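Note that the sequence shown ends on residue 202 in the working numbering; no numbers are left out.
Glycine included, C-beta positions come from ideal geometry on N, C-alpha and C.
Computed from a predicted structure; not experimentally measured.
I have placed the structure first, in the form of structure tokens, so that the comments after it can refer back to it.
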Amino acid sequence: MDRFYLHVNGQTLPVAAARNSSSDALIALLAEGDVAVDAHDYGSFEKVGSLPQSLPTNDEQITTEPGDVVLYQGDQITVYYGTNSWSLTRLGKVEGASAEELKQILGDGNVEMRLSLE
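Shown next, in the form of structure tokens:
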């Protein structure tokens with residue numbers, strides 16, 4: 085499996101999975117069922133929320149771009165609609181949405197994101 089899906093505000097966004105043990109663990113978790121994440125804005129460049137369990141990390145110093153889906157501190161998933169430089173683990177990249185479209189889909193304030201394999 086090299087793709088998972090992000091469902092938010094009535095939209096379904098395909099995410100091309102990164103090739104690492106972190107995304108493999110996320111996909112294994114999603115094989116057991118969908119995961120709901122209550123996410124909030126942070127720093128005016130990302131939506132972040134807690135996962136139900138920790139995943140292995142593969143942190144590296146990266147500069148994020150809109151659409152990047154990353155793991156922070158092993159147990160938080162973040163979807164970027166802006167840029168940030170930090171030591172993070174890549175989980176995947178949203179496909180087919182521009183930065184502006186992504187920001188509009190994610191909306192302002194708190195949202196529930198659902199992660200799934202379909």
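Secondary structure of residue i, DSSP reduced to three states
i	result
L97	strand
E184	helix
L90	strand
L199	strand
L113	helix
G133	strand
A120	strand
Nearest neighbour of residue i, chosen from the options [CA to CA]
i	options	result
G133	V163, A181, T173	V163
V99	K177, I189, Y126, S105	K177
G193	L172, H124, A181	H124
R87	V195, L175, G191	L175
Extent of the continuous beta strand (DSSP E) run through residue i
i	result
E128	A small fix is needed here, since residue 128 is Ser in this sequence, not Glu. From DSSP, S128 is part of no beta strand (DSSP E); its letter is neither H nor E.
Y156	152 to 156
Q165	Strictly speaking, residue 165 in this sequence is Tyr, with Gln absent from that position. Run containing Y165: none; DSSP gives neither H nor E here.
According to DSSP, residues forming a beta bridge with residue i
i	result
S171	Q145
D108	Paired residues: none, contrary to the question.
Residue range of the unbroken alpha helix (DSSP H) whose run includes residue i
i	result
D192	Where D192 is concerned, there is no enclosing alpha helix (DSSP H), given that its DSSP letter is neither H nor E.
Any non-hydrogen atom of the ligand FAD within 7 Å of residue i CB
i	result
D143	What this structure holds is no ligand at all, so the ligand FAD is not there to describe.
Next on the checklist: I'd like to know if the stretch 101 to 117 and the stretch 178 to 187 are in contact, where contact means that at least 3 CB-CB pairs between them fall below 8 Å.
Outcome noted: Three or more beta-carbon pairs separated by less than 8 Å are not found between the stretch 101 to 117 and the stretch 178 to 187, which leaves the two stretches without contact.
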